Amino acid sequence: MTRPAVSDRRTAHIAWRHHDDPGNSGAPVALLLLHGFTDSAACWDAIVPALAGYGGIVATDARGHGGSGLPEGPVGPERHAADQALVLDDLGVTGPVVVVGHSMGALTAITLAATRPELVAALVLEDPPPHGMGAGPRGVPAWLSGLRALDLAGRVAYAREHDPAWSEAELTPWALSKEQIDPRYCERPGSALDPFHDLAPDVRCDTLLLYGDADRGGMVTDADAAAFRKAAGGAVTTARVPTAGHNVRRDTAGAYVRAVRAFLDGVLPRPSR
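Just so you know, we're using the numbering used here here: the sequence shown kicks off at 66 and counts up by one.
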């Protein structure tokens, strides 16, 4: 599998990386990848080669994560979505992109589709918190403090022990991201939006909702998926992966890739070679 060429860039306070399309260098950006809470753009690197062939791929660091700055003010889906629009506007994208988001990044994706629909061709949502992430400051979670107290090797060993289904390529980016997040992010007020109900009616594009098993740590239930499918203004395909938890693409990479590529084949034309 050919690995796309990568270049790291920046727009205002947002750091992001561009993965060129192998065999079609310079193809327009087709996919925007948005990571979850405490992760970073590099956490997509392991899966990017499997998503190649549709055009260029951009993965961003959310504000306060990875190499991105943390401007003053609240955090949450509205601010994150505005950051993504800033990057896409700066890129001068020639057409709407498919936005692929995990957890917090999936909430951002829903918000972007609802507020800037001209930028979004379709959505791939990986286990978003169905009722948002809360409006009040949460403080640094104890689990994150514990991980940050370990060195890099210790965090990699922790992930290897607790998530044995993850590929080795996932471990170091995940471990690095835990030391890169700005702890002040956790002290900022968030948003009271309930994306599955407040925003879903304004999501008019085709959407794939992937989720795992609640007993394995998944957030979305079958009832949540049905509620989103009923509320959304566009066509929604839901897929439950029972062998996965919250991290569907890490827990069951093969099932994730098959589902996402089948969806992309239906909504995204392949660039000409």
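From the three backbone atoms N, C-alpha and C, an ideal C-beta is built for every residue, glycine too.
Please read these numbers as outputs of a predicted model, since none were measured by experiment.
Going by Cα to Cα distance, which pick from the options is closest to residue i?
i: Ala-251; options: Arg-294, Val-325, Pro-139, Val-152; result: One point to set straight first is that residue 251 is Cys, not Ala, in the sequence displayed. Minimum Cα distance to Cys-251 is reached at Pro-139.
i: Leu-184; options: Ala-150, Thr-286, Gly-204; result: Ala-150
i: Asp-247; options: Leu-209, Leu-264, Ser-256, Asp-228; result: Leu-209
i: Cys-270; options: Ala-320, Arg-294, Asn-312; result: Arg-294
i: Pro-334; options: Thr-237, Arg-315, Gly-160; result: Gly-160
Once DSSP output is grouped into helix, strand and coil, what is the label at residue i?
i: His-167; result: strand
i: Ala-290; result: helix
i: Val-71; result: strand
i: Trp-231; result: coil
i: Tyr-250; result: helix
i: Gly-331; result: helix
i: Ala-320; result: helix
i: Asp-126; result: coil
i: His-83; result: strand
Tell me, to the nearest whole angstrom, how far the beta carbon of residue i is from that of residue j; I am working on the premise that it is less than 8 Å.
i: Val-152; j: Val-123; result: 7 Å
i: Gly-120; j: Pro-254; result: At roughly 37 Å, the Cβ-Cβ gap does not stay under 8 Å, so Gly-120 and Pro-254 are not in contact.
i: Asp-86; j: Pro-69; result: 7 Å
i: Ala-186; j: Val-332; result: 6 Å
i: Val-301; j: Ala-320; result: Not a contact, Cβ separation roughly 19 Å.
Measure the CB-CB distance between residue i and residue j and report whether it falls below 8 Å.
i: Leu-215; j: Tyr-223; result: yes
i: His-145; j: Ala-117; result: no
i: Lys-243; j: Thr-125; result: no
i: Ala-111; j: Gly-131; result: no
i: Val-164; j: Ala-179; result: no
i: His-311; j: Asp-228; result: no
Once the 5 residues before and after residue i are set aside, which same chain residues still bring their CB inside 6 Å of it?
i: Val-325; result: Val-189
i: Val-322; result: Ala-115
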